[in-house]
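J.:
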């Protein structure tokens with residue numbers, strides 16, 4: 003997991019050309035005016051999902067993990083709390099891996115939380131389990147983009 007501000011994205015270009023392309027999309031796109039939906043950056047190798055959603059209580063969290071894609075989750079407007087942990091600490095399968103969605107839900111007991119504000123991003127790799135869209139203090143509507151980068 004990497005947590006930082008988008009203004010520092012160039013520091014992560016060394017992680018590969020796909021990562022750079024994902025950050026370039028975030029930096030060079032007017033994200034605030036972009037409608038919700040899916041945007042291809044490089045076919046199925048790199049794409050972005052823009053979402054406007056309401057945050058929810060920690061009790062309603064779902065721990066998710068991906069095997070084929072890295073997530074760069076960037077908050078365009080508002081703020082959210084994200085849970086995060088290490089995959090090996092999550093042994094209970096809540097919903098088995100669905101390859102077509104690259105998504106599995108698990109449960110575990112060793113995790114932390116981070117508050118993510120407008121302009122912040124969190125990058126999750128396949129060994130990083132995460133629970134996004136949690137409320138910081140009160141439920142609020144946020145706008146975010148998730149850039150998916152194929153491994």
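Residue numbers (the numbering used here): 3 to 153. Heads up, the beta-carbon is just placed ideally off N, CA and C, and yes, glycines get one too.
When you compare the CB positions of residue 138 and residue 58, do they come within less than 7 angstroms of one another, or not?
T.: Start at 1 with the first residue of the chain shown, and residue 138 comes out as number 136. Start at 1 with the first residue of the chain shown, and residue 58 comes out as number 56. Result no, Cβ atoms of residue 138 and residue 58 do not sit closer than 7 angstroms.
J.: Assuming contact is defined by CB atoms lying nearer than 7 angstroms, are residue 8 and residue 123 in contact in what I supplied?
T.: Within the chain shown, residue 8 is the residue found at index 6, counting from 1. Within the chain shown, residue 123 is the residue found at index 121, counting from 1. Yes.
J.: Using CA coordinates, which residue listed in 15, 132, 71 and 34 is at the minimum distance from residue 103?
T.: Along the chain shown, one-based indexing puts residue 103 at 101. Comparing Cα positions, the closest option is 71.
J.: Could I get the ranges of all uninterrupted alpha helix (DSSP H) runs contained in the region 50-75, with 4 residues as the minimum, in chain order?
T.: Taking only runs of at least 4 residues, no alpha helix (DSSP H) segment lies wholly in the region 50-75.
J.: With a threshold of 6 angstroms on Cβ separation, who are the neighbours of residue 11 within its own chain once the five nearest residues in sequence on each side are excluded?
T.: In the chain shown, the residue the question calls residue 11 occupies position 9. Excluding residues within five positions, the ones whose Cβ falls inside 6 angstroms are 25.
J.: By the DSSP assignment, the alpha helix (DSSP H) with residue 26 in it spans what residues?
T.: Counting from 1 along the chain shown, the entry for residue 26 is found at position 24. Unbroken alpha helix (DSSP H) run through residue 26: 19-30.
J.: Quick check: residue 107 and residue 131, are their CB atoms within less than 7 angstroms of each other?
T.: As a working note, residue 107 is residue 105 in the chain shown. As a working note, residue 131 is residue 129 in the chain shown. Against a cut-off of 7 angstroms, the Cβ pair of residue 131 and residue 107 comes out as no contact.
J.: The beta strand (DSSP E) spanning residue 149 covers which residue range?
T.: Residue numbering aside, residue 149 sits at position 147 when the chain shown is read from its first letter. Segment 143-152, the beta strand (DSSP E) holding residue 149.
J.: Is the beta carbon of residue 47 less than 7 angstroms from the beta carbon of residue 133?
T.: Locating residue 47 in the chain shown gives position 45, where the first residue counts as 1. Locating residue 133 in the chain shown gives position 131, where the first residue counts as 1. Cβ distance not < 7 angstroms, so residue 47 and residue 133 don't count as in contact.
J.: Whole angstroms is fine: what's the gap from residue 27's alpha carbon to residue 76's?
T.: The residue labelled residue 27 in the question sits at position 25 within the chain shown. The residue labelled residue 76 in the question sits at position 74 within the chain shown. So the two alpha carbons sit approximately 11 angstroms from each other.
J.: Pull the bridge partners of residue 131 from the DSSP assignment, please.
T.: As a position in the chain shown, residue 131 is number 129, starting the count at 1. Answer by DSSP bridge pairing, in chain order: 87.
J.: My assumption, with CB atoms under 8 angstroms, is that residue 148 sits in contact with residue 73. Please give the rounded CB distance.
T.: Residue mapping note: residue 148 aligns to position 146 of the chain shown, counting from 1. Residue mapping note: residue 73 aligns to position 71 of the chain shown, counting from 1. The Cβ separation is near 6 angstroms, so the contact holds.
J.: Decide if residue 34 is buried, meaning its Cβ has at least 16 other Cβ atoms within 10 Å, or exposed.
T.: Sequence index remark: in the chain shown, residue 34 carries index 32 (1-based). Exposed, because fewer than 16 other Cβ atoms sit within 10 Å of the Cβ of residue 34.
J.: What do you get for residue 66, buried or exposed, if any count of 16 or more other CB atoms within 10 angstroms of its CB means buried?
T.: Here residue 66 refers to the residue found at position 64 of the chain shown. Burial call: buried.
J.: In this structure, what does DSSP give as the bridge partners for residue 117?
T.: Within the chain shown, numbered from 1, the residue matching residue 117 stands at position 115. Partner(s): 83.
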